[in-house]
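*Asks:* Residue 105 in the UniProt record's numbering is what sits at position 105 of the sequence shown, and the numbering runs on without skipping anything.
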Amino acid sequence: MKTIIIFLSIVLCWLIGGCSPFSNQSKLNFNTPRPSTQSSVKPDKEVNEVDEVNEGSQVIPQGTKVDNDLDLSNIPVSEASRKINDWAKDKLEESRVLLYNETEIPITLKELGFEVDVEKTLENAQQRQNQPQSQSQNQNNVNVIPSVLKANPELAAKVLKEKFKKFNQPAKDATFKIQNDKVVITPAQKGRKVEVDQLINNLQNSSLSEVPSKIKAPLVEVPAKVTTESIESLSGSVLGEFSTKFAVGETNRSANLTAAAKALDGKVINPGAVFSFNNAVGPREPQTGYKEAYVIINGEYVKGTGGGVCQVSSTLYNAVLLSNFEVVERKHHDVAVSYIPAGQDATVNYPNIDFKFRNNTGSLAYMRTEVKPGVLTIKLYGKKTGKTVRLERQIVKVRNYKTIRRYDSKLPRGRVKVDQIGTKGIVVNVWKVIQDEKGHVTKQFLGRDSYEPANRILLIGT
């Protein structure tokens, strides 16, 4: 019976594939449990978990150093970032000096707003890791990674300019004065300054270890805007001049005219520069020395501070035209004035109405004013262009003025007094005629000016 049971067990085992009747395993051991399906796959699962750990850790390779100073060998990237930050903090706070020639100026990179770009530094490490060993490692089998500096350019420029402020030397323009009708020149002097942008760029393109303890500041020369040669070239060359007459007996008006002319005397106009009459003369106020004299307001002559200054701006306008400078801004009076032909005046009123012109000659120019009893003369000096200029006018229309009678109780009864002379209204065209060295003539239309008539005002005593 026992033999039959054993035989049936062997057959059953063979039928379900658990054993072979021809192998040694056909002998069953009941004391040994059969391995389960779960236990049979356990080794494969453990291998997969190990692979996932290796991928997530991203360990820095052996022999990796930042600037051949900070060792990052065999540490995770996250820890490497922290170590670079700590290392950079100390390095950025190390004392350095800026060299301005032989002068030493203390500074730190932190003070200039520099930081180490950790992300780009680690990117460099990754790129080096992917290179062949012969390219990425030195002879000591060390993979040296340069640190990457990043700057705050605005902060760095501000700090550096402040550091160098007392050392930079501004250029000095050549100057001149007139003595006995001769130009006496004080020569120009070149300046010197630090090229701040270049210095910042040099630092930013260096690794932290490449920044020396003594940083040499790049110096550049600063040329003078007005050179000695430019003044020498214009000595004695009058481009254009114009004169107008005034009544010496009108003392306040004469004083105002003289003050404005004095403010213009010796002014230098650089090539391409725009000259402003109002900026040069300034406000016409009692505080600045100007007196009450007659001015034109709404077609009538009334007293106002600074009367007479418009004669100076008008005289200058004509000198500018004859010098062939470019007129930028000009306005004529509402009423024609007596001291200059209609169409050739230039009114001013600080700060609203200005007269401006541009020095378009390509060379330096300067201005001289002269006030003699009853005569104002303005001359503009510069480099001769070989051109001559004259003005042409055409009267288009004339309008008569009206006579206005006003009664005045302060006058004796029946007495008549002329309070304001009448001025005719006029419309005029003006041209500038230019002739060059070869005799070629061009005619430039300056514009059509229209002046209102000013009433003749009679005062009648009552």
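Quick reminder that beta carbons are idealized off the backbone N, C-alpha and C, glycines included.
Taking only the alpha-carbon atoms, compute the straight-line gap between G306 and R284 and give it to the nearest angstrom.
*Replies:* Cα-Cα distance, rounded: 5 Å.
*Asks:* Would you call the region 194–201 and the region 242–262 in contact, with 3 or more CB pairs under 8 Å?
*Replies:* As far as the Cβ criterion goes, the region 194–201 does not touch the region 242–262, which means the pair count is below three.
*Asks:* For Y290, count the other beta carbons within 10 Å of its own beta carbon; 16 or more makes it buried, fewer makes it exposed. Which is it?
*Replies:* When all chains shown are included, Y290 counts as buried.
*Asks:* Does G425 pass the burial test, meaning 16 or more other C-beta atoms within 10 Å, or should it be called exposed?
*Replies:* So G425 counts as buried.
*Asks:* Check for me: the beta strand (DSSP E) holding S243 runs from which residue to which?
*Replies:* Counting along the chain, the beta strand (DSSP E) containing S243 begins and ends at V238 to K245.
*Asks:* Inspect the beta-carbon positions of V348 and F277 and report whether they are closer than 8 Å.
*Replies:* In this structure, F277 lies closer than 8 Å to V348 by Cβ.
*Asks:* Please confirm whether G374 and T403 have their CB atoms less than 8 Å apart.
*Replies:* Going by C-beta atoms, G374 is not nearer than 8 Å to T403.
*Asks:* If you draw a straight line from the alpha carbon of E102 to that of K214, how long is it in whole angstroms?
*Replies:* Distance between the alpha carbons of E102 and K214: 11 Å.
*Asks:* In chain order, what residues of the same chain have a beta carbon less than 6 Å from the beta carbon of N318, not counting five sequence neighbours either side?
*Replies:* Once the five neighbours on either side are set aside, the close Cβ partners of N318 are F242 and Q344.
*Asks:* Can you give me the start and stop residues for the alpha helix (DSSP H) that E326 sits inside?
*Replies:* Run containing E326: none in the alpha helix (DSSP H); it sits in the beta strand (DSSP E), E326 to E329.
*Asks:* Select from N400, F357 and Q189 the residue whose C-alpha is nearest the C-alpha of L380.
*Replies:* Minimum Cα distance to L380 is reached at F357.
*Asks:* Flag this pair as touching only if the region 403–412 and the region 425–437 have three or more C-beta atom pairs under 8 Å; answer yes or no.
*Replies:* Segments in contact, no.
*Asks:* Distance, Cα to Cα, residue 465 vs S254?
*Replies:* Nothing can be reported for residue 465, as the shown portion of the chain is limited to 1 through 462.
*Asks:* With a 10 Å radius around its C-beta and 16 neighbouring C-beta atoms as the bar for buried, classify F114 as buried or exposed.
*Replies:* So F114 counts as buried.
*Asks:* Compute the Euclidean distance between the alpha carbons of G304 and V371, then round it to the nearest angstrom.
*Replies:* Whole-angstrom Cα-Cα distance: 22 Å.
*Asks:* Taking 6 Å as the limit between beta carbons, can you name the residues of its chain near V337, skipping five residues before and five after?
*Replies:* If we look at V337 and ignore the five residues flanking it on each side, its Cβ neighbours are D345.
*Asks:* Hey, how far is the Cα of N360 from the Cα of Q287?
*Replies:* Approximately 35 Å, taken between the alpha carbons.
*Asks:* Report the residue from Y100, A174 and F445 whose alpha carbon sits nearest the alpha carbon of K166.
*Replies:* Residue Y100 is the option with its Cα nearest to K166.
*Asks:* Tell me the start and end of each unbroken beta strand (DSSP E) in the UniProt domain "G5" (385–462) that is at least 3 residues and wholly inside, in chain order.
*Replies:* 388–399, 403–408, 416–420, 425–435, 441–451 and 456–461, all fully within the UniProt domain "G5" (385–462).
*Asks:* Alpha carbon to alpha carbon, how far is V148 from L92? Give it in angstroms, no decimals.
*Replies:* Rounded to the nearest angstrom, the two C-alpha atoms are 12 Å apart.
*Asks:* With a cut-off of 8 Å on the beta carbons, I'd call S363 and S233 a contact; round off their distance for me.
*Replies:* About 6 Å; that satisfies the 8 Å criterion.
*Asks:* Excluding the 5 residues preceding and the 5 following T228 in the sequence, name in chain order all residues of the same chain whose CB lies nearer than 8 Å to its CB.
*Replies:* Once the five neighbours on either side are set aside, the close Cβ partners of T228 are A174, I185, P187 and A188.
*Asks:* Below 7 Å CB to CB, which residues in the same chain sit around V59 once its five sequence neighbours on both sides are set aside?
*Replies:* Closer than 7 Å at the Cβ level, and outside the excluded window around V59, lie N74, I75 and P76.
*Asks:* Quick check on the burial criterion: 16 or more other C-beta atoms within 10 angstroms. Buried or exposed for Q62?
*Replies:* Label assigned to Q62: exposed.
*Asks:* Over what stretch of residues does the beta strand (DSSP E) that includes A319 continue unbroken?
*Replies:* No beta strand (DSSP E) contains A319, which is instead part of the alpha helix (DSSP H) from V309 to S323.
*Asks:* Does the contact criterion of 3 or more C-beta pairs under 8 Å hold for the region 258–274 versus the region 308–316?
*Replies:* Touching, per the Cβ criterion.
*Asks:* Going along the chain, which residues of its own chain have a beta-carbon closer than 7 Å to the beta-carbon of E111, five neighbours each way excluded?
*Replies:* Within the same chain, E111 has close Cβ partners V159.
*Asks:* Could you give the residue range of the alpha helix (DSSP H) that holds N279?
*Replies:* Residues F277 to V281.
*Asks:* Given that a residue counts as buried once 16 or more other Cβ atoms are within 10 Å of its Cβ, and exposed if not, what is I145?
*Replies:* Its Cβ being crowded by 16 or more others within 10 Å, I145 is buried.
*Asks:* Here's a check: name, in chain order, each residue in its chain whose Cβ is nearer than 6 Å to the Cβ of V427, leaving out the five neighbours to either side.
*Replies:* So the qualifying residues of the chain are V396, K397 and S450.
*Asks:* Are the CB atoms of V142 and N205 within a distance shorter than 8 Å?
*Replies:* No.
*Asks:* Between the alpha carbons of L219 and R192, how many angstroms are there, rounded?
*Replies:* The alpha-carbon atoms of L219 and R192 are separated by roughly 7 Å.
*Asks:* Of the residues V116, T258, K83 and A224, which one's Cα is nearest the Cα of N152?
*Replies:* Measuring from the Cα of N152, the nearest candidate turns out to be V116.
*Asks:* Within 10 angstroms of the Cβ of N256, are there 16 or more other Cβ atoms? Answer buried if so, exposed if not.
*Replies:* Label assigned to N256: buried.
*Asks:* Could you pull the DSSP bridge partners for Y381 from this structure?
*Replies:* DSSP, once it has assigned bridges, lists V238 and Y366 as partnering Y381.
*Asks:* Could you check the C-alpha separation between I269 and G240 for me, to the nearest Å?
*Replies:* The alpha-carbon atoms of I269 and G240 are separated by roughly 14 Å.
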